[in-house]
Each structure stands twice: as structure tokens, then as C-alpha cells.
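Peer 1: Take this structure, written in C-alpha cells, and hold onto it; I'll ask about it next.
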Amino acid sequence: MTAIWWIRRDLRLIDNPALHAALAGGGRVVPLFVLDPALLGSDWVAPQRVAFLVAGLRLLAADLQKRGSGLLVRLGKPELVVPQVVSEVRATAVYAQADISPYARQRDKRVAEAVQLNLVPGLTVHPPDWVLKADSTPYTVFTPFSKAWKSHALPNANDLLPVPDRIATPDLPPSDAMPETEALKAPFPPGETEAQHRLAVFVEGSDAPIFRYGVDRNQLDLDGTSQLSPYLRLGMISARQAVVAALQARDRATTAAAQKGVETWLNELIWREFYAAILYHFPHVRRGNFRPQYDTIPWRNDGTEFAAWCAGKTGYPVVDAAMRQLLATGWMHNRARMIVASFLVKDLLIDWRWGEKWFMQHLVDGDPAANNGGWQWTAGTGTDAAPYFRIFNPMTQGAKFDPDGAYIRRWLPELANVPDKYIHEPYKMPLPAQKKAGCIIGKDYPAPIVDHGQARQRTMDAYKVSS
DNA sequence: TTTTGAGTTGTTCGA
DNA sequence: GTCGAACAACTCAAA
């Protein structure tokens, strides 16, 4: 008996339910990855994300070879490729980790019409239809969702599935060539080994970063976050293992602050599950506002201003530094994501979907559910959204979370010599100071493309009209 | 069915 | 300089 392990967002051997199901169901297993032209050619694709995926597949193939197996890679529509491979290797069933995006679910439905497709949970700790209200409808507010989520049986270390010693695999038919990719720019070496290392660094020891996460995660000039998002995105580490690590760290926390740090990180993992469930139950959020009453917001959608935002040339240093970090590395600090999102939506009055798409086109960790949830939160159109008057002030946010301007200077070299006093508002520099810093406003660095105070009022008025 | 309490991440203004 | 209120209702979840 031969089964196919169809790999999608589970590029790992540790704690992989789909792999274990395939082993149990077949005896012999053919690991298969399908390069889907609909995804590779979509206008939501990010070259850095593809590069991270392809490099990750090479590492996974090497890990599989060490266990007597290998990886079959094929290019083509899954509804054609999967049945083709089933017949080539004479498999009796296909096992895969269930996915939640509308595209993935339609794709799997088409594949299941042709072959016996067994979908196994694993993308999230609790499957999206487990955490429901008493009346069996989904939650749309985070806090009650998280309470219900925590009240379900939580995993412990014994629940994590071990790596199979050996994976019996028949001789594999030839693979297609991997696509050419650009070099990885982000400081995220792909692969399961790296993901395991990062989790360990984040949670192990009495002085682990997770215990300071509550405070440090907001600091733009610090690596206070887990830096695990690209690995969770492609399942190079399981969400279940991350949650187990958080629960263990919580038991080891010795101070209230440390406990809070752990709880904050656990909540971030639950936010990931929440937005996965939202996209699963309300697929229309991928097209537009969760709340249709916001469909009438009079977006300005100025193309020139959008281009300035994309390029990191708005004249607001913290916004521009973050957008340059995204262009340079394919990643952006979480606090920075909120700041630039607030600026796009509430200072420029540009439709959040423009920003959502730009993020998906550049983020190495871009996830359709979390990205959509985050943007709708900022825009105030989402499930548990920020009130419309919650508008980030780029100067205040910069002063608070990048007090010395280290983050700004790192990504905006033209501001390197601007004195601390003006680093968050360089346009206030008198001309002599501009000359001394080698930074003439309007020439070396742009003047602000909008006045924040006026823009803020404009948005308050626009949202009032449409609510 | 009705009622009640609560709701990620902020900013500004005026006392 | 500090601090509390206002920003505005509305929807959700649960009793």
C-alpha cells in the first residue's frame, strides 16, 4: 500500500499529523509538493516568500533523504497533478494538512473529486470549527474566542508527534525543476532546524526573551519578538509545538511580568488561530469589509500618495523606515506594520485592500488570514476592530517605540546625521541644521506628503459620514 | 427574550 | 507636567 503525503503548509517532520496519517494509512509514503501556477503567478505572490519556500523545500528533501525517503516536486494544477502522481506511484490515498483559505478549500474540493483526499488538522492547534459559541456559531470577538480556545484541551509535550525514524518510500518518478528565485534578503534562514533553534532561543532558560516579550515586542530597535512568523507560515514548525513551549514557559515564569510576557505571546498565537477561523467562517473578508456598513467610506485612493507610501517616501521617518525595511528584507516589525497601516488608511485615506495586497506582495511571512485580519483591524472594518478615532500619530509612535531613532537611522541612511531632537520630525529642522546634517528637506528627504493633524480630522469626518 | 458588561496595540484636550 | 475624559455609539457574548 502506498499513500501520498501532499505537502502544502507543513514543511516539517516534527509533529506532522498529515505525515503520520499517511504512514498509518499506507505503509509506504510518497512525499509530494505541487508548485501551483495559480499561486506562483498570482498578483499576490511575493518573490521573497517563494524564495523562502523553494529553499525550504530543498532542505526538506535533504531531511527526507536522510530517512530513506525523498521529495517529489511537480509543477501544475493540483487537480491534474495529484491524480497523475496517484496513478504513477499506484497510491491508494492522499493525505494532506487541511487549509482554510477560500482558494485552498476550492482547490482541495476539486482534487477530492478525482482522488481519495484525507484532510488532517494541523495548521492551527484547534481546527477552525472547534471553537464555537454555545449556539454553534463562530466567535467574532477576540477575547471570548480566546477564553473558549483556552478552555479546550490544550496540548502538552507528549502530544507532539515524533519524527519517524524511517519513511519507506518507493522509487520516485522524476521531479520537475524548481523555479528560479531571487536571493533571500531577510534574516530568516529557511528550514525546520532553524525554526527549532529559534523557538529554543526564544523560550529556553530563566532569562528567555519570551519573559520580556510583553514589553520588548513593541520596541522597533530591538529583536524582542520570536521571529518565527515565516516558519509558522509554511509550517516549518507546528503551531502546536509553539503553544506547548509557551505553556511550559508559563509554568516556569517566576514574576508577574514574566508571566504576562508569556501570556502576551500565547495570545498572539491565539490571534493567529482567531483570524484563521474568521477567514474560514467568513470567506467574504478576502474581498471586502467584514462589516458592510463601512462599504461607503469615501476613500481618496490617490495613486501618487500610494506610490510614496510604497517607496518609503512619505516624509514621516518611522513610516518610511518601516516601508524601506519591507522592501529591503521582505519583513517588517509588527509594531511598524500597525504604524504604516494606520498611516495608509487613516492619514492617506487609501483603501486598506491596497495595503493588504502590497504586504502580500512583499512579506516573507505574508499569510492571507492574519494579513487580512490585521488590515481590517486597522481600518476599523473588521471583526474586533479599532475604533475609527484610534489614529496612530507617527511622531508619537516613533518617539515611544524608537526613542533614539536607531531604527529610523538604520533604514533611512539619509537621516543618519539628523540630531535626536528632529529625528521624528526632520521637516522641523531649521535650514542650518539641515545643512549640518547633510539632509535638505525636499531634496535629500521628502517633506511630509500630508499634514498629520489635518489628515486625522479628515478621516474622523469621513468615517463619521459612513458609519 | 431581555439585560448587562465588555471590547489588542491611541491621541488630544483641558483642567 | 500630569491625569482623566472624550472621541461615539454599537455589537457581541453570556447570563
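For what it's worth, numbering that gives the first Met the number 0 labels the leading residue of the first sequence as 0, then goes sequentially. Don't be surprised by glycine CBs; every beta carbon is placed ideally from N, CA and C.
(1) Rounded to a whole number of angstroms, what is the C-alpha to C-alpha distance between Gly223 and Phe281?
(2) For Thr313, tell me which candidate among Ile448, Arg109, Tyr102 has the shortest Cα-Cα distance.
(3) Out of curiosity, what's the CA-to-CA distance linking Trp148 and Gly204?
(4) Roughly how many angstroms lie between the CA atoms of Val162 and Leu118, to the nearest whole one?
(5) Please state whether the Cβ-Cβ distance between Val49 and Trp5 is less than 9 Å.
(6) Could you check the C-alpha separation between Leu246 and Gly260 for me, to the nearest Å?
(7) Let me know the secondary structure DSSP gives Ile6 once reduced to three states.
(8) Going by DSSP, what residues sit across from Tyr444 in a beta bridge?
(9) DSSP on Thr1, reduced to helix/strand/coil?
(10) Just to confirm, are His332 and Pro393 a CB contact at a threshold of 9 Å?
(11) Could you give the C-beta distance for Thr192 and Ser68, rounded to a whole number, given that I count them as a contact under 8 Å?
(12) Is Pro316 buried or exposed, if buried means 16 or more other CB atoms sit within 10 Å of its CB?
(13) Quick check on Val318: does DSSP put it in helix, strand or coil?
(14) Assess, as a yes-or-no matter, whether the stretch 116 to 136 is touched by the stretch 6 to 16 under the definition of 3 or more beta carbon pairs within less than 8 Å.
(15) Which value, in whole angstroms, describes the spacing of the CA atoms of Phe391 and Trp357?
(16) So, under 8 Å CB-CB, Asp98 and Arg7 are touching, yes? Tell me the CB distance rounded to an integer number of Å.
(17) Taking the alpha carbon of Arg73 as the reference point, which residue from Ala275, Trp410, Pro82 has its own alpha carbon closest?
(18) For the beta strand (DSSP E) containing Tyr94, list its first residue and its last residue.
(19) Is Pro137 helix, strand or coil by DSSP?
(20) Determine the closest residue to Val88 out of Ile440, Ala310, Ser174, Thr139, with distance taken between C-alpha atoms.
(21) How far does the beta strand (DSSP E) with Leu79 in it extend, from its first residue to its last?
(22) So who's on the other strand from Phe32, going by DSSP bridges?
(23) So, using beta-carbon positions, are Ala384 and Gln396 closer together than 9 Å?
(24) Suppose the cutoff is 6 Å on Cβ atoms and the five residues either side in sequence are ignored; what does the same chain contact list for Trp308 look like?
(25) Which complete alpha helix (DSSP H) runs does the stretch 171 to 234 hold, if anything under 4 residues is left out?
(26) For Ala378 and Ser86, what's the separation of their Cα atoms in angstroms?
(27) Quick one: residues in its chain with C-beta nearer than 6 Å to the C-beta of Tyr274, no 5 flanking neighbours on either side, listed in chain order?
Peer 2: Well, looking at it:
(1) Looking up residue 223 in the first sequence gives position 224. Looking up residue 281 in the first sequence gives position 282. One C-alpha to the other measures close to 33 Å.
(2) For this step, residue 313 is matched to residue 314 along the first sequence. Taking only the C-alpha atoms, the option nearest Thr313 is Ile448.
(3) For the purposes of this step, residue 148 is taken as residue 149 along the first sequence, with counting starting at 1. For the purposes of this step, residue 204 is taken as residue 205 along the first sequence, with counting starting at 1. Spanning the two alpha carbons is a distance of roughly 27 Å.
(4) Sequence index remark: in the first sequence, residue 162 carries index 163 (1-based). Sequence index remark: in the first sequence, residue 118 carries index 119 (1-based). C-alpha separation (whole angstroms): 20 Å.
(5) Numbered from 1 along the first sequence, position 50 holds the residue referred to as residue 49. Numbered from 1 along the first sequence, position 6 holds the residue referred to as residue 5. No.
(6) In the first sequence, the residue the question calls residue 246 occupies position 247. In the first sequence, the residue the question calls residue 260 occupies position 261. Cα-Cα distance, rounded: 12 Å.
(7) The residue labelled residue 6 in the question sits at position 7 within the first sequence. Strand at Ile6.
(8) On the first sequence, residue 444 is found 445 positions in, with the first residue counted as 1. Bridge partners of Tyr444: Ile440.
(9) Here residue 1 refers to the residue found at position 2 when the first sequence is read from its first residue. The answer is strand: DSSP assigns Thr1 an E or B state.
(10) As a working mapping, residue 332 is identified with position 333 in the first sequence. As a working mapping, residue 393 is identified with position 394 in the first sequence. Going by C-beta atoms, His332 is not nearer than 9 Å to Pro393.
(11) Counting from 1 along the first sequence, the entry for residue 192 is found at position 193. Counting from 1 along the first sequence, the entry for residue 68 is found at position 69. With a Cβ gap of about 17 Å, Thr192 and Ser68 do not count as contacting.
(12) For the purposes of this step, residue 316 is identified with residue 317 of the first sequence, where counting begins at 1. Buried.
(13) The residue you call residue 318 lines up with position 319 of the first sequence. Val318: helix per DSSP, three-state reduction.
(14) yes
(15) Position 392 of the first sequence holds residue 391. Position 358 of the first sequence holds residue 357. Spanning the two alpha carbons is a distance of roughly 20 Å.
(16) Residue numbering aside, residue 98 sits at position 99 when the first sequence is read from its first letter. Residue numbering aside, residue 7 sits at position 8 when the first sequence is read from its first letter. Indeed, because the Cβ distance is near 6 Å, the residues count as touching under 8 Å.
(17) Translated into positions along the first sequence, residue 73 becomes position 74. When each option's Cα is compared against that of Arg73, the closest is Pro82.
(18) As a working note, residue 94 is residue 95 in the first sequence. 92 to 96 is the extent of the beta strand (DSSP E) around Tyr94.
(19) Mapped onto the first sequence, residue 137 falls at position 138. Strand, per DSSP.
(20) Position 89 of the first sequence holds residue 88. Measuring from the Cα of Val88, the nearest candidate turns out to be Ser174.
(21) Taking the first residue of the first sequence as position 1, residue 79 is located at position 80. Per DSSP, Leu79 belongs to no beta strand (DSSP E); it is in the alpha helix (DSSP H), 77 to 88.
(22) Counted from its first residue, the first sequence places residue 32 at position 33. DSSP output for Phe32 lists Ile6, Val72 as bridge partner(s).
(23) As a working mapping, residue 384 is identified with position 385 in the first sequence. As a working mapping, residue 396 is identified with position 397 in the first sequence. Their beta carbons are not under 9 Å apart, which means Ala384 does not touch Gln396 by this criterion.
(24) Reading the first sequence from its first residue, position 309 is the one you call residue 308. Leu343.
(25) 191 to 202, 212 to 215, 228 to 232
(26) Here the question's residue 378 lines up with position 379 in the first sequence. Here the question's residue 86 lines up with position 87 in the first sequence. The alpha-carbon atoms of Ala378 and Ser86 are separated by roughly 48 Å.
(27) Start at 1 with the first residue of the first sequence, and residue 274 comes out as number 275. Closer than 6 Å at the Cβ level, and outside the excluded window around Tyr274, lie Ala368, Ala369, Gly372.
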